[in-house]
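Working notes for the structure below.
Protein chains in written order, with the numbering used here: chain A, 687 to 1345; chain B, 208 to 603.
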């Protein structure tokens, strides 16, 4: 949810007040120039990306915005923020790393969130998130819009095009404003830009416009027309604003030709205004400098931000309960029921993914006929994993409870930037002003002969990202109960790893006589398969590996009289090791089995955590994972390459008999 | 619709890690009222009663005879209106026994009936052999520990002994045990409860000067207890227990004597409650009445020292004081100083007591004062000469 902390401080320069528009431009320029001076005085750390010369693009947009509108900007965001809010104090404190900053000093120059203005530092990454915020406005049937600011350099990023395609197809009220200053950092667009800027959005069916910052009043009028039209027709638009950045990209040397820079200083609107109206300009300049100085003084007097110590989870009392589940439903059907219940009980639930609509109902037939029952809230997306996750992130920030389906876990890599640099970070970097209650569901795992890029278990690459949670479902507990609790309590991006080989398994039940199934009593329980006898070895696994581990368990006793115990957590990050330690203290041997790669994997983390927690207890610990090469397509070769019931059996026998 | 209530054996009232379900008082699946007695649970020291925390339908999750860890759910209470859609009570039939391949082969060969094994258990070849009576002493599972070639009859140790062993085993791992012994001459202060309560009294106060012996070691840190609760070992026919006198340093000698008397009585009548064993920070153990001089008492986990009392060759003569301590927090010198100070304080008490010398039992050496408190009579005796108390006459 977004909390409008500075809604009352909003002070947009009114569109028909020419003086106010120029006064605001002077403020922005004085602010940026002061930043450069503060660096020279050693009072600032990091870097800034000043928008000197480009001030009017932000001002022209802000002049037409209403309170419900949103801006999503990039690393060069100060002008956009100041144009919208006039809040020099908060921004200065933020850039100077103070607690009084708009994000408490956590985000700094490039990562701001206040007054309906957001920014992030990854080129292009903001686009689908902005689209998600705009989609939320479309679903809520408001007249609000979202403006996303990009640069000509952003035209190189693929996720921009994913987003333009999607917003056009879904008629989302997003205005993309491209500030074309001809350079991306040190590189001229002559070197990197093929084709034409305007033809790009037009080829996606968007209406595209062009203006520039050298005639500010004309620009204000043009942007006003565009925004007015978007507000009325509720469909996206694209505005390319030609402009020039008078200073360096950040603070380094500027290698652009001297003559080019000099020319642009001469035609700069503020320089010309000062020449034409020297008195008015001087007074505006002086007022701006005063305001900026006051902001600097306030910031210098404030405390540096400090991060509270993070809580170390204390060990909790474990309560185990026998798992007995009636009914004979399959995992896939239970997941379908969870999603259906979510849509039924929560008007803000929203499903998006590829091929999820009826009659196809998803690649693994999980979503079935949900799109017929809830047509506005279950949508097929284009093949755009980054946009899927980004749009869902924006929806989540706007208070929805989206669930995205990524068809194969292997494709999660395409959404990595959105997960790692956007969804996972926003709550923390924006100092708790937003939450991202997002669920990403995806099936991982092999043993279906789908080959190297459709059979992997890549979840280890997404473990350990602060601010997220990763779950792995299995068939010895009811996925419906897990999803129920997830949807009821969700407050952060949650990746749920399902397993394609498990979709057809019946839930509940247990391996045959002599063993039974238990789970810890909590929201996302850990499962344990055990016997009445003291175990000789503890096998830890999660997800699809449980099937193989169980078969090994039976064979270990039947053939070798070795008693194993399986501990199978359903939450693999953050990982609570208490249930595993409890079993390990009895058996003294641990084999951790994972279907992914061994290096820096789940097993490595678990062994390290147990070592640190067990204070020198003598445990034997080993990891067992996939062979260190891609998964071959040929079935028998695939079986050999992944941990299986026979390899798990062999590892256990080796460990127990080697004592 | 409220969630089901999970009922478990509360940690606070039991010192053990596990307890045994002795008897269910209601059938599974029946209605119970709030505060109704539902189960008896046996700990190493006592039988605990479990009451229903709420009204509802009670369903077992553990059966009679099960040994369950403290904190584990033993039953669930489903209150009004709750319909457990997916979690149903565990079925009565938990499946047959599971025999390994080797066990099956042995069962066929020896004609053992597979269904004779407990349902849901894992059966190994040796279990089949045992059932068939074919598990000879030469091939017992503990063959490596017993003396070779000597016939041996194995008996299960009682529960409380197993628990005691586990606790002491753990204590050995946690502490680096060392000890010093000093010999204390006293004629006037006789042994028995009188001497023991006096030592408890003096040691408790002396621990303020030597806080390292009223402490515990944990991974490079010393935890200094803020109270002094002395436990005193007691073994007189009902097993070894260590009742605790809370805040022993704040009690007078008569208060300590009377507390020990009360605890002794309760012990003899088997009604010492588990709460009496909790919270000891230092222990005193007295084997002097058994004629023992030197012994090395084992430090209880959670403590850093234990004081043993032995007697010299003649009754009423020397008293041997042994302080065993954890070398991770203290050393011989401070232990020696502790004993030296303790002896000085005892001697000053002895000086007072010698003013009122009295008769004592020639066999157990308890003086008439102590015997009076226990309501035991002192009888004149020829053999041995002097006096003998009525308990010793009866052969206790």
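The C-beta atom is built at its ideal place from N, Cα and C for all residues, glycine as well.
* Using alpha carbons as the reference points, say which of 1154(A), 1188(A), 815(A) lies closest to residue 1261(A). => 1154(A)
* To do: Can you tell me which of 1195(A), 819(A), 1065(A), 1182(A) puts its alpha carbon nearest to the alpha carbon of residue 1014(A)?
  => 1195(A)
* Asked: In three-state terms, what does DSSP make of residue 518(B)?
  -> strand
* What do you reckon, are the CB atoms on residue 1124(A) and residue 1109(A) nearer than 9 Å? -> yes
* Spell out whether any CB of chain B is found under 9 Å from the CB atom of residue 1006(A). => yes
* Taking 9 Å as the CB-CB limit, is residue 1264(A) close to chain B? -> no
* Selection of the stretch 1319–1336 of chain A by Cβ proximity to chain B, strictly under 8 Å -> none
* What's the call for residue 358(B), buried or exposed, on a 16-neighbour Cβ count within 10 Å? -> exposed
* Asked: Under the rule that 16 or more other beta-carbon atoms within 10 Å means buried, what is residue 748(A), buried or exposed?
  -> buried
* **Neighbourhood of residue 305(B) by C-beta, 6 Å cutoff - its chain only, sequence neighbours within 5 removed** => 329
* Residue closest to residue 815(A), alpha-carbon to alpha-carbon, out of 832(A), 1296(A), 755(A), 1176(A) -> 832(A)
* Asked: By the criterion of Cβ-Cβ separation under 9 Å, what are the contact partners of residue 1207(A) in chain B?
  -> 213, 280
* Asked: Hey, which unbroken runs of the alpha helix (DSSP H) at 4 residues or more fall wholly within the stretch 396–458 of chain B?
  -> 400–413
* Out of curiosity, what's the CA-to-CA distance linking residue 964(A) and residue 851(A)? -> 47 Å
* What are the start and end residues of the beta strand (DSSP E) that includes residue 389(B)? -> 384–392
* Cutoff 9 Å: residue 1003(A) Cβ touching any chain B Cβ -> yes
* beta strand (DSSP E) segment containing residue 1307(A), residue limits -> 1306–1310
* Buried or exposed for residue 252(B), please, with buried defined as at least 16 other CB atoms from any protein chain shown within 10 angstroms of its CB. => buried
* Continuous alpha helix (DSSP H) stretch holding residue 258(B): start and end -> First-last for residue 258(B): 254–258, but that is the beta strand (DSSP E), not the alpha helix (DSSP H).
* Would a C-beta distance cut-off of 9 Å place residue 671(A) and residue 769(A) closer than the cut-off? -> An answer regarding residue 671(A) cannot be provided, because it is not within the stretch 687 to 1345 covered by chain A.
* Along chain A, in chain order, which residues have C-beta atoms closer than 7 Å to that of residue 268(B)? -> 1007, 1008
* To do: Return the CA-CA distance between residue 1301(A) and residue 940(A), expressed in angstroms with no decimal places.
  => 57 Å
* Of the residues 1275(A), 1004(A), 840(A), the one placed nearest residue 1347(A), counting alpha carbons only -> The shown model of chain A, from 687 to 1345, leaves out residue 1347(A), and the question about it has no answer.
* At least one CB of chain B closer than 9 Å to the CB of residue 1249(A): is that the case? -> yes
* Asked: In the DSSP assignment, what residue or residues form a beta bridge with residue 1148(A)?
  -> Answer is none; residue 1148(A) lacks a bridge partner.
* Report yes if the C-beta distance between residue 1088(A) and residue 1036(A) is below 9 Å; otherwise report no. => yes
* **Proximity to residue 1341(A) [Cα-Cα], best of 1073(A), 1151(A), 1003(A), 1273(A)** => 1273(A)
* **is_contact[residue 1243(A), chain B] using C-beta, thresh 9 Å** => yes
* Inter-residue spacing [alpha-carbon to alpha-carbon] between residue 217(B) and residue 1267(A) -> 22 Å
* With a 10 Å radius around its C-beta and 16 neighbouring C-beta atoms as the bar for buried, classify residue 254(B) as buried or exposed. => exposed
* Consult DSSP for residue 225(B) and reduce its assignment to one of helix, strand or coil. => strand
* residue 931(A) by DSSP, collapsed to three states: which one? -> coil
* Reducing DSSP to helix, strand and coil, say where residue 911(A) ends up. => helix
* **residue 1235(A) versus residue 331(B): straight-line alpha-carbon distance, rounded** => 21 Å
* Compare the C-beta of residue 1173(A) against all C-beta atoms of chain B and say whether one is closer than 9 Å. => no
* For residue 525(B), which of helix, strand or coil comes out of DSSP? -> strand
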